[in-house]
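Structure first, commentary second.
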Ligand SMILES: Nc1ncnc2c1ncn2[C@@H]1O[C@H](COP(=O)(O)OP(=O)(O)OP(=O)(O)O)[C@@H](O)[C@H]1O
Ligand SMILES: [Mg+2]
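In structure tokens, the structure reads:
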């Protein structure tokens, strides 16, 4: 009997929303349909602006959440159209797992802050309007996946390691999964059922995207060709890698709150930039080096690194990763049956399913929470669907 869920993910790259419709009634989840809808430029700019304090931001955030629900709905309709060709109907989809759009991630913002009221939970904020999404699609929506883990003293991130473990772990080999979205995160899967580890490494594509847009007008460095035309600046790379986050012990997670254009601009002040492509090469090296060092430090026996997220399409980044990890086979997750842009979305379909079964979706060893928690909250579809 088929067991269908949808997953919707829009990450820190702010490029758009990725969605999948997955059948979990199989030993390996099967993606029946996948679709991506890019964010219109003005919406992307507004989401980026909402990552920092600004005029009337509560009102603007609420409107952005509504617009996100509209984009998510487009993805859902594209998924249903594709799946329809295989005889799958909307009524068979148990729920949508919708991540929302992170605009703040400050899991450590507590303690001596008088505004915390003494709570030991920091906060993370994903713009979303799951009620509107349920209304527009006629489907149940599970959303707000991170706050239960934060309430239990965890980072609320990364959440994908439990899913990576479920689908990628191999009994005989230490492997790792590296997701390179706006931020990069690593999942370490030890052989013989050893403990799963996971944490955010630091910047993924976000800084590269920013620099590329500013100097070429293009939203990202396709295949890393522009970076490949430049030369890494060793002094700048060393200064960037000296950020305390890189040597901090897990559990740890980060976001645009730390690795953002203001941080980069500060690091660049005083550096002699002769050609902007040299900075692009250096930012690409920063992502590759930070991830490779984390792998070597935390899982030195890893023999295979599976890469997902849009960064897997950056050939220069993949080349630099492989060069920094001799003896490790570095390849996109496609090799294990899930294309790079489907992994995170499938993880949120998987988490929606976990919610449905009231199973914990978090790993306390990864997030630092007091215990595993059932993640998310349900927004029930209207009984008479009017759109689907
Ligand atoms: N062909 C390509 N060449 C180089 N980089 C690419 C290519 N395609 C996508 N990318 C990069 O991938 C990014 C999008 O990746 P992705 O959607 O995985 O990130 P995300 O939205 O931040 O997701 P998450 O937060 O879930 O990891 C783009 O912003 C771009 O930097
Ligand atoms: Mg994306």
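Numbering (my numbering), first residue to last: 43 to 430.
Built from N, CA and C at the ideal position, the CB exists for glycine as well.
message: Nearest by alpha-carbon distance to residue 283: which of 268, 272, 313, 244 is it?
response: Start at 1 with the first residue of the chain shown, and residue 283 comes out as number 241. Answer by Cα proximity: 244.
message: I need the DSSP call for residue 262, collapsed to helix, strand or coil.
response: Translated into positions along the chain shown, residue 262 becomes position 220. If DSSP states are grouped into helix, strand and coil, residue 262 belongs with coil.
- request: Could you tell me whether the Cβ atoms of residue 170 and residue 107 are closer together than 9 angstroms?
  value: The residue labelled residue 170 in the question sits at position 128 within the chain shown. The residue labelled residue 107 in the question sits at position 65 within the chain shown. Yes, these two residues count as a Cβ contact at 9 angstroms.
query: According to DSSP, which residues form a beta bridge with residue 227?
result: Translated into the one-based positions of the chain shown, residue 227 becomes position 185. The partner list for residue 227 (beta bridge, DSSP) reads 221, 242.
task: Drop a sphere of 10 angstroms on the beta-carbon of residue 290, count the other beta-carbons inside from all chains shown, and report buried for 16 or more, exposed for fewer.
output: The residue given as residue 290 occupies position 248 in the chain shown. Residue 290 is exposed by the Cβ-count criterion.
task: Let me know the secondary structure DSSP gives residue 234 once reduced to three states.
output: Along the chain shown, one-based indexing puts residue 234 at 192. It is coil, neither helix nor strand.
query: Expressed to the nearest angstrom, what Euclidean distance is found between the alpha-carbon atoms of residue 324 and residue 275?
result: Stepping through the chain shown from its first residue, residue 324 is reached at position 282. Stepping through the chain shown from its first residue, residue 275 is reached at position 233. Distance between the alpha carbons of residue 324 and residue 275 is about 6 angstroms.
- request: Report the three-state DSSP secondary structure of residue 79 (helix, strand or coil).
  value: Locating residue 79 in the chain shown gives position 37, where the first residue counts as 1. Looking at residue 79 - three-state DSSP - the assignment turns out to be strand.
message: So, for residue 148: in the same chain, excluding its five sequence neighbours on each side, which residues have a beta-carbon less than 8 angstroms away from its beta-carbon?
response: Position 106 of the chain shown, counted from the start, is the residue given in the question as residue 148. Hits under 8 angstroms: 164, 165, 166, 299.
field: Start and end residues, beta strand (DSSP E) containing residue 148
entry: Numbered from its first residue, the chain shown carries residue 148 at position 106. Unbroken beta strand (DSSP E) run through residue 148: 143–148.
message: Suppose you measure from the CA of residue 122 to the CA of residue 185; what does that come to, to the nearest Å?
response: In the chain shown, counting from the first residue as 1, residue 122 sits at position 80. In the chain shown, counting from the first residue as 1, residue 185 sits at position 143. Computed Cα separation, rounded: 20 angstroms.
message: Could you check if residue 246 belongs to the surroundings of ligand 2, using beta carbon to heavy atom distance under 8 angstroms?
response: Position 204 of the chain shown, counting from 1, holds the residue named residue 246. No, Cβ of residue 246 sits at least 8 angstroms from all heavy atoms of ligand 2.
field: For residue 240 and residue 131, the rounded distance between their alpha carbons
entry: Residue mapping note: residue 131 aligns to position 89 of the chain shown, counting from 1. Residue mapping note: residue 240 aligns to position 198 of the chain shown, counting from 1. The alpha-carbon atoms of residue 131 and residue 240 are separated by roughly 36 angstroms.
query: Relative to ligand 1, is the shortest distance from any of its heavy atoms to the C-beta of residue 295 smaller than 8 angstroms?
result: On the chain shown, position 253 is the one that residue 295 refers to. For ligand 1, not one heavy atom lies less than 8 angstroms from the Cβ of residue 295.
query: Between 277, 200, 332, 180, which lies nearest to residue 247 when the distance is taken from Cα to Cα?
result: Within the chain shown, numbered from 1, the residue matching residue 247 stands at position 205. When each option's Cα is compared against that of residue 247, the closest is 332.
- request: Measure the alpha-carbon distance for residue 110 versus residue 230 and round it to whole angstroms.
  value: As a working mapping, residue 110 is identified with position 68 in the chain shown. As a working mapping, residue 230 is identified with position 188 in the chain shown. If you take the alpha carbons of residue 110 and residue 230, they lie about 32 angstroms apart.
query: Out of 309, 205, 206, which has the shortest C-alpha to C-alpha gap to residue 249?
result: By one-based count along the chain shown, residue 249 stands at place 207. Of the candidates 309, 205, 206, the one whose C-alpha sits nearest the C-alpha of residue 249 is 309.
- prompt: In three-state DSSP terms, what is residue 248?
  reply: Here the question's residue 248 lines up with position 206 in the chain shown. In this structure, residue 248 counts as helix in the three-state DSSP scheme.
- request: Using the DSSP secondary-structure output, state which residues sit across from residue 185 in a beta bridge.
  value: Taking the first residue of the chain shown as 1, we reach residue 185 at position 143. Beta-bridge pairing links residue 185 to 419.
- prompt: What do you get for residue 277, buried or exposed, if any count of 16 or more other CB atoms within 10 angstroms of its CB means buried?
  reply: Position 235 of the chain shown, counting from 1, holds the residue named residue 277. With fewer than 16 Cβ atoms within 10 Å of its Cβ, residue 277 is classed as exposed.
- prompt: In the structure shown, what three-state DSSP assignment does residue 374 receive?
  reply: As a working note, residue 374 is residue 332 in the chain shown. If DSSP states are grouped into helix, strand and coil, residue 374 belongs with the strands.
task: For residue 391, collect the residues of the same chain with a Cβ closer than 7 angstroms to its Cβ; drop the 5 residues on either side in sequence, then sort them by chain order.
output: Taking the chain shown and counting its residues from 1, the one referred to as residue 391 is at position 349. Counting only Cβ-Cβ distances below 7 angstroms, and skipping sequence neighbours, we find 47, 48, 49, 62, 64, 139.
query: Where does residue 118 fall in DSSP's three states?
result: On the chain shown, position 76 is the one that residue 118 refers to. Residue state, collapsed to three classes: helix.
query: Hey, is the region 214–233 in contact with the region 343–361, meaning 3+ C-beta pairs nearer than 8 angstroms?
result: yes
- prompt: Thinking C-alpha only, which one of 295, 312, 334, 267 is nearest residue 357?
  reply: One-based indexing of the chain shown puts residue 357 at position 315. The shortest Cα separation from residue 357 among 295, 312, 334, 267 belongs to 267.
query: Candidates 133, 256, 207: which alpha carbon is nearest residue 238's?
result: For the purposes of this step, residue 238 is identified with residue 196 of the chain shown, where counting begins at 1. If we check each option's Cα against that of residue 238, 207 comes out closest.
- prompt: Where does the unbroken beta strand (DSSP E) through residue 48 begin, and where does it stop?
  reply: Taking the chain shown and counting its residues from 1, one reaches residue 48 at position 6. 46–51 is the span of the beta strand (DSSP E), which, as asked, contains residue 48.
field: Same chain only: Cβ atoms within 7 angstroms of residue 80, ignoring 5 sequence neighbours per side
entry: Translated into the one-based positions of the chain shown, residue 80 becomes position 38. Taken in chain order, the residues that qualify are 57, 58.
query: According to the neighbour-count rule (16 or more other Cβ atoms, all chains shown, within 10 Å of its Cβ), is residue 98 buried or exposed?
result: For the purposes of this step, residue 98 is taken as the residue at position 56 of the chain shown. Classification for residue 98: exposed.
- request: For the alpha helix (DSSP H) containing residue 178, list its first residue and its last residue.
  value: Taking the first residue of the chain shown as position 1, residue 178 is located at position 136. Note, residue 178: alpha helix (DSSP H), 172–179.
field: For residue 94 and residue 257, the rounded distance between their alpha carbons
entry: Taking the chain shown and counting its residues from 1, one reaches residue 257 at position 215. Taking the chain shown and counting its residues from 1, one reaches residue 94 at position 52. In a straight line, the C-alpha of residue 257 is about 22 angstroms away from that of residue 94.
query: Does the Cβ of residue 393 lie closer than 8 angstroms to at least one heavy atom of ligand 1?
result: Position 351 of the chain shown holds residue 393. Incorrect: residue 393 has no Cβ contact closer than 8 angstroms to ligand 1.
- prompt: Looking at residue 137 and residue 339, is the spacing between their C-beta atoms short of 9 angstroms?
  reply: For the purposes of this step, residue 339 is taken as residue 297 along the chain shown, with counting starting at 1. For the purposes of this step, residue 137 is taken as residue 95 along the chain shown, with counting starting at 1. Result no, Cβ atoms of residue 339 and residue 137 do not sit closer than 9 angstroms.
message: Using only the alpha-carbon positions, how far apart do residue 83 and residue 355 sit?
response: In the chain shown, residue 83 corresponds to position 41, counting from 1. In the chain shown, residue 355 corresponds to position 313, counting from 1. Those two C-alpha atoms are separated by around 22 angstroms.
Buried versus exposed, by CB contacts within 10 Å (16 or more), residue 429: The sequence position of residue 429 within the chain shown is 387, counting from 1. With a pLDDT of 48 at residue 429, under the threshold of 50, the modelled position of that residue is not reliable, and the figure given next carries that caveat. So residue 429 ends up on the exposed side.
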